[in-house]
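Trainee: These protein sequences, in sequence, are chains A and B.
Using my numbering, you'd call the opening residue of the first sequence number 53 and step up by one each time.
Using my numbering, you'd call the opening residue of the second sequence number 3 and step up by one each time.
What follows is a single structure, and I will ask about it in a moment.
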Amino acid sequence: EAQVTQNPRYLITVTGKKLTVTCSQNMNHEYMSWYRQDPGLGLRQIYYSMNVEVTDKGDVPEGYKVSRKEKRNFPLILESPSPNQTSLYFCASSLWIRAGGYTFGSGTRLTVV
Amino acid sequence: SQELEQSPQSLIVQEGKNLTINCTSSKTLYGLYWYKQKYGEGLIFLMMLQKGGEEKSHEKITAKLDEKKQQSSLHITASQPSHAGIYLCGAVLTGTASKLTFGTGTRLQVTL
Chain A
53 EAQVTQNPRY LITVTGKKLT VTCSQNMNHE YMSWYRQDPG LGLRQIYYSM
103 NVEVTDKGDV PEGYKVSRKE KRNFPLILES PSPNQTSLYF CASSLWIRAG
153 GYTFGSGTRL TVV
Chain B
3 SQELEQSPQS LIVQEGKNLT INCTSSKTLY GLYWYKQKYG EGLIFLMMLQ
53 KGGEEKSHEK ITAKLDEKKQ QSSLHITASQ PSHAGIYLCG AVLTGTASKL
103 TFGTGTRLQV TL
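See below:
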């Protein structure tokens, strides 16, 4: 089944403890992106990648890192999480940016205390 | 202000009634996408509209794109409880070709 898989679905962590949210797609998509969703603010792009080894900042990149060493994987790294990073995170992929609709993962609900 | 404005923000309709959700862009758009989200879950792709005047339907959901007005509408006919959720429009906008910009969503409740 064609899908984007995110892990974990839920995560509670403490301020400053490094964490990684994994994202993997099995559709051979070139474009991948991370969004966060917050009440009243909607979906905001954190980082995106047009292809392997090509990543760039979105609208709200501060406090996040990403890497794209393989086409299928696009992990989101929080080196030192803070409470303002408590949010619902989505990974998405697409054949290329204007090819059609994104396929979204199921989301990761992160709470930083 | 939001580059993509959705209206209404929330909607409660009785089962069987029709409804319309609007999405208006402040910039030229290159493709308009509609998604549905169940609370706290991932987004499900519904439809993509790319040309002015284009209209697409899937089951009881119809979406139209008015390119001149930079606006799209999503119409649900004879709503059912399964239509409940959050509907989001997304678009590739002028000057932001690297992403889909999303509206803040319309929360739909369908009562029995």
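A virtual CB, placed ideally from N, CA and C, is assigned to each residue, including glycine.
Note that the structure is predicted; figures quoted are calculated from it, not measured.
Would you mind telling me which residues of chain A sit closer than 7 Å to B/Lys101, beta carbon to beta carbon, in chain order?
Mentor: Locating residue 101 of chain B in the second sequence gives position 99, where the first residue counts as 1. What B/Lys101 touches in chain A: Ser85, Gln97, Tyr100, Gly110.
Trainee: Shortest alpha-carbon distance to B/Glu5 belongs to which of B/Ile14, B/Glu56, B/Ser27?
Mentor: As a first step, residue 5 of chain B is located in the second sequence; it is residue number 3 there, counting from the start. Of B/Ile14, B/Glu56, B/Ser27, the residue nearest in Cα terms is B/Ser27.
Trainee: Check for me: the beta strand (DSSP E) holding A/Leu140 runs from which residue to which?
Mentor: On the first sequence, position 88 is the one that residue 140 of chain A refers to. Looking at the DSSP string, the run of the beta strand (DSSP E) that includes A/Leu140 is 139 to 146.
Trainee: Chain B beta carbons: is any one of them nearer than 9 Å to that of A/Ala54?
Mentor: Along the first sequence, read from residue 1 onward, the residue named residue 54 of chain A stands at position 2. By this cut-off, A/Ala54 is not an interface position.
Trainee: With a threshold of 9 Å between beta-carbons, can A/Ser132 be considered close to chain B, or not?
Mentor: By 1-based counting over the first sequence, the position of residue 132 of chain A is 80. So, not an interface residue.
Trainee: What is the DSSP secondary structure of B/Ser12, counted as helix, strand or coil?
Mentor: Looking up residue 12 of chain B in the second sequence gives position 10. Note: B/Ser12 maps to strand in three-state DSSP.
Trainee: Can you list, in chain order, the residues of its chain with a C-beta nearer than 8 Å to that of B/Thr30? Leave out the 5 residues immediately preceding and following it.
Mentor: The count along the second sequence starts at 1 and reaches residue 30 of chain B at position 28. Counting only Cβ-Cβ distances below 8 Å, and skipping sequence neighbours, we find Gln72, Leu95, Thr96.
Trainee: Would you say B/Leu90 lies against chain A (beta-carbon separation less than 9 Å)?
Mentor: As a position in the second sequence, residue 90 of chain B is number 88, starting the count at 1. At least one chain A Cβ lies under 9 Å of B/Leu90.
Trainee: For A/Asn80, which three-state DSSP category applies?
Mentor: On the first sequence, residue 80 of chain A is found 28 positions in, with the first residue counted as 1. Looking at A/Asn80 - three-state DSSP - the assignment turns out to be coil, as it is neither helix nor strand.
Trainee: For A/Tyr141, return the contacting residues in chain B, with the cut-off set at a CB-CB distance below 7 Å.
Mentor: In the first sequence, counting from the first residue as 1, residue 141 of chain A sits at position 89. The contacting residues do not exist; A/Tyr141 stays about 11 Å from chain B at best.
Trainee: What does the alpha-carbon distance come out to for the pair A/Trp169 and B/Met49?
Mentor: Outside the modelled stretch of chain A, which goes from 53 to 165, sits residue 169 of chain A, for which no answer is possible.
Trainee: Quick one: complete beta strand (DSSP E) runs, 3+ long, within the stretch 39 to 100 of chain B?
Mentor: You should have 45 to 51, 57 to 60, 63 to 68, 73 to 78, 87 to 95.
Trainee: Using only the alpha-carbon positions, how far apart do A/Gln77 and B/Cys25 sit?
Mentor: Against the first sequence, residue 77 of chain A aligns to sequence position 25. Against the second sequence, residue 25 of chain B aligns to sequence position 23. Each residue's Cα considered, the two are about 29 Å apart.
Trainee: Can you tell me the Cα-Cα spacing of B/Ala93 and A/Gly68, whole angstroms?
Mentor: Residue numbering aside, residue 93 of chain B sits at position 91 when the second sequence is read from its first letter. Residue numbering aside, residue 68 of chain A sits at position 16 when the first sequence is read from its first letter. Taking the straight line joining both Cα atoms gives about 35 Å.
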